[in-house]
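Taken in order, these protein sequences are the chains called A and B. Its first residue numbered 0, the first sequence is counted upward by one per residue in numbering that gives the first Met the number 0. Its first residue numbered 0, the second sequence is counted upward by one per residue in numbering that gives the first Met the number 0. Glycine included, every Cβ here is placed at the ideal spot set by N, Cα and C. No experiment lies behind these values; they were computed from the predicted model shown.
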Amino acid sequence: MGLAHKDLLGMQELTVEEIRLILDTAESMKEVASRDIKKVPALRGKTLINLFYEPSTRTRTSFEIAGKWLSADVVNVSTSSSSVAKGESLKDTGLTLQAMHPDIVVLRHPASGAAELLARQLTASVINAGDGAHEHPTQALLDLFTIREKKGRLEGLKAAIIGDIAHSRVARSNIRGMQKMGMEVRVAGPRTMLPRFIDRLGVEVFTDLERAIADVDVIMMLRLQIERQQAGLFPTLREYSRLFGLTLERLKGAKSDVLIMHPGPINRGVEIAPDVADGPYSLILNQVENGVAVRMALLYLLAGGGQAGQSG
Amino acid sequence: MRTLITGGRVIDPASGLDANLDLLIEDGKIVRMDQSVPGSGFQVPRSGSRVADEKRGEKGAKNAESASNNVDRVMDATGLIVCPGLIDMHVHLRQPGREDKETIATGTLAAARGGFTAVCCMPNTDPVNDTRSVTEFILDTAKREGAVHVYPVGAITKGLKGEELAEIGELFEAGCVAISDDGRPLMNGELMRRAMEYAGMFDLPVIPHCEDLHLSGRGVVHEGLVSTELGLGGIPSASEAVMVSRDLLLAELTGARLHIAHVSAAESVRLIREAKARGIPVSCEVTPHHFTLTEEGARRFDTNAKMNPPLRSEADRQALLDGLRDGTIDVIATDHAPHTSQEKEQEFDLAPFGVIGLETALALTLTTLVLPGVLSLKQAIAKMTSEPARLLKLQKGRIAEGADADLTILDPNREWAVDATRFASKSRNTPFHGWQLKGGAVATLVAGKVVWEA
């Protein structure tokens, strides 16, 4: 079995079996990280382009390391949004890259749907590393991997995703991924940051943090974009933090073995208190570590030895 | 030049006429309407052309009665429908300024292909149609290069900036049939009030594009399930309805004639229905894409499903059908908005709003509204002929002896696949490419002259 896709655009398109395949493959990839010589030849002669239209440290670095450990040639193209405004369209950028025969293009872009647009231009595989508020599937996959690693299973677990759901691609990908894997998902945040029809995605909706986290197995805090204050979505950081910041005090009402996750980068003291972020329940750094393994698995399945990888 | 159209079912909603009649056309006017006599000799065998024609003196016309003896052309409309030429009161012809998207020549040819004999072009050109000289340029160009009649709509405010009134009196004298801020909603309620009072002096309809720009924000699709799933910015229905509500109140205040452009939301239909019941002088239009499609159209980030107002929910679409059925919605208009391929082949957020509609409107009306019985054929034709003519006070949209011979011959049974690559329009931005539709125009006559035939 392999991935029957040219691209990975979102969790929406993955089947349960495919998600399981990626997570299982990631387990063997994780072993590479523990070696002295962190290199396997799986993608030797393959070219990976990281095309990032938004600033990113962890995702870009994670893909870069994943590619390098698999022996791919990795090229980073950072395009600030200002140079996009200057001229070349995403379509033309895609055609230009196509002419250089990459095998995989990893795209991070501020517009929802950008990865799908690029994928239509390229014969190379496109991996969506975050498009607008649409999807960030590799984040969801590494989150699922991390939860499964800690809990030994996914099915039947309950997760609460807290914060700016409306603008979060992490939330959208995780809602889809978790639900597919049999988890129950809740969302919580200020009403102004919850899409009006979010309940139609099959999630339970809360505006009270403590009620939302009361009996869940996983709490996933989202990064608050400070500029949302100007957009009128919340009054002050102080009030946001008072109502939706995760503190040790608030955690007292949660399960004793609850997992705390955050896609990063964190706003210490805003959505998550420092002692929670650094505390024993926090998986924030495990998420980063597992990110490399999950991305190695994906690269391998899309461009490497995965039997169906090239025909799909 | 004398043309005879024989054997067709003539439908004229203005007079209630629905009968098999022959129409004799001379010097651009309908000069005689006669009972069609089957086998009278007017009818000629179908040739390759959808509308068979025959030159005087050739076989088949021999037995024709006196009227046809000196006819230049006989058009056999047996099995077809002859109706007043369709009028589209909402198009963007892009000239002057964006001739890469459309010109008066290409836009009016697209209109003719779609069965339209008249179009009203919106003022958001470059320069904006806010002065006599631009109006005259449009009218002159249309006279020289246009396939169908063009009636310009003037700007409400100078440069559509929403700051000062344009010279509405002069626009009226120059030939503008309405004023509109289309595409650039007039957010200043006080200025809207003054515009309505001022336009009232000339009995010009005011056509608002109802949208509260603050509520729309950075929205690019309807705020609904699809925007939630795709993470695209949502435009709530309230963005439209809030402004519909404001403008209805201002119409009540000023007594000016208000025509609300491209209604998309159930709330708007409800508000307009209530306003009409209370006697407020309001009319409104709906586009074929809004009564045919829903927000689901944007599911694959298809930028040809991006327009403003956005495609809304199925419940909204049903409300539009109800509004059409009960007469709340007076007019079907396309909001034909051409954009180049490179503009549309962009990220969804960056692609411009708008789709073209002239070459699919009639077929969509027949397929979506008439075939399932939402509207009778006569009602549907009225919303594309006599209704816009009435609202704009055009001496058009009717079939009668002495009336202008602007006519559309349509075949309600013609099945065809939409192929945007063959459009007369310069642009290709239609969400209906590849659709299988039933019914459409087979010939369009403007002032007695065949400007297009299949």
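Listed along chain A is no residue with a C-beta nearer than 8 Å to that of Phe171 (chain B); the closest approach is about 41 Å. Listed as beta-bridge partners of Arg131 (chain B) by DSSP are no residues whatsoever. Non-local C-beta neighbours of Leu247 (chain A) in its own chain, meaning closer than 8 Å and more than five positions away in sequence, comprise Ala272, Asp274, Val275 and Gly278, ordered along the chain. Put simply, the CB of Glu344 (chain B) is near chain A, with a gap under 8 Å to one of its CB atoms. For the 8 Å CB-CB criterion, Arg185 (chain A) and Phe205 (chain A) form a contact.
Any Cβ of chain A closer than 8 Å to the Cβ of Gln317 (chain B) would place that residue at the interface, and such an atom is absent. For Thr134 (chain B), no Cβ of chain A is located within less than 8 Å of the residue's own Cβ. A distance below 8 Å separates the beta carbons of Ser179 (chain B) and Ala260 (chain B).
Following the DSSP letters along the chain, one finds Phe115 (chain B) inside the beta strand (DSSP E) bounded by residues Phe115 to Cys120. Annotation: the continuous alpha helix (DSSP H) that includes Tyr299 (chain A) extends over Ile283 to Ala302. At a C-beta separation below 7 Å, Glu222 (chain B) has these neighbours in chain A: Arg195. At a cut-off of 8 Å between beta carbons, Glu53 (chain A) makes no contact with chain B.
The continuous alpha helix (DSSP H) containing Tyr197 (chain B) extends over residues Gly188 to Gly199.
In the structure shown, the three-state DSSP call for Gln345 (chain B) is coil. Below 8 Å, enough C-beta pairs join the stretch 153 to 173 of chain A and the stretch 138 to 145 of chain A to call them touching: three or more.
Cβ-Cβ distances below 8 Å link Met192 (chain A) to Gly162, Asp163, Ile164, Ala165, His166, Arg227, Leu232 and Phe233 in the same chain, with the five nearest sequence neighbours on each side left out; the list follows chain order.
If you check the CB distance, Leu349 (chain B) and Gly439 (chain B) do not come in under 8 Å.
When C-alpha distances from Leu297 (chain A) are compared across A:Thr58, A:Leu96, A:Lys150 and A:Leu20, the shortest belongs to A:Leu20. When CB distances to chain A are screened at a threshold of 7 Å, the residues of the stretch 345 to 369 of chain B falling below it are Gln345, Glu346, Phe347, Asp348 and Leu349, in chain order.
At least 8 Å separates the beta-carbon of Phe144 (chain A) from that of Val105 (chain A). For the pair Thr359 (chain B) and Pro83 (chain B), the CB atoms are not nearer than the 8 Å cut-off. Under the DSSP assignment, Lys437 (chain B) falls in the beta strand (DSSP E) whose first and last residues are Gln435 to Val445. The beta carbon of Arg171 (chain A) sits closer than 8 Å to some beta carbon of chain B. Rounded to the nearest whole angstrom, the CA to CA distance from Leu138 (chain B) to His338 (chain B) is 23 Å. Judged by DSSP in its simplified three-state form, Leu221 (chain A) adopts coil rather than helix or strand. A direct Cα-Cα distance of roughly 50 Å separates Pro151 (chain B) from Met99 (chain A). Assignment of beta-bridge partners to Tyr150 (chain B) by DSSP yields B:Cys119.
Of the other Cβ atoms in all chains shown, 16 or more fall within 10 Å of the Cβ of Gln286 (chain A); this residue is therefore buried. Taking a contact to require three or more Cβ pairs closer than 8 Å, the stretch 412 to 427 of chain B and the stretch 268 to 281 of chain B do not qualify as touching. Residue pairing of Phe51 (chain A) in beta bridges, as defined by DSSP: A:Ser77 and A:Arg107. Assigned with DSSP and collapsed to three states, Phe290 (chain B) falls in helix.
Looking at the DSSP output, Trp451 (chain B) shares a beta bridge with B:Thr443. Contact between Ala177 (chain B) and Cys120 (chain B) fails: their C-beta atoms lie close to 11 Å from each other, not under 8 Å.
For a cut-off of 8 Å, the C-beta gap from Ala76 (chain B) to Gly7 (chain B) is around 3 Å, short enough to register as a contact. Between the alpha carbons of Asp207 (chain A) and Leu42 (chain A) lies a gap of roughly 47 Å. When the alpha-carbon of Thr107 (chain B) is set against those of B:Asn123, B:Leu252, B:Thr140 and B:His432, the nearest one is in B:Thr140.
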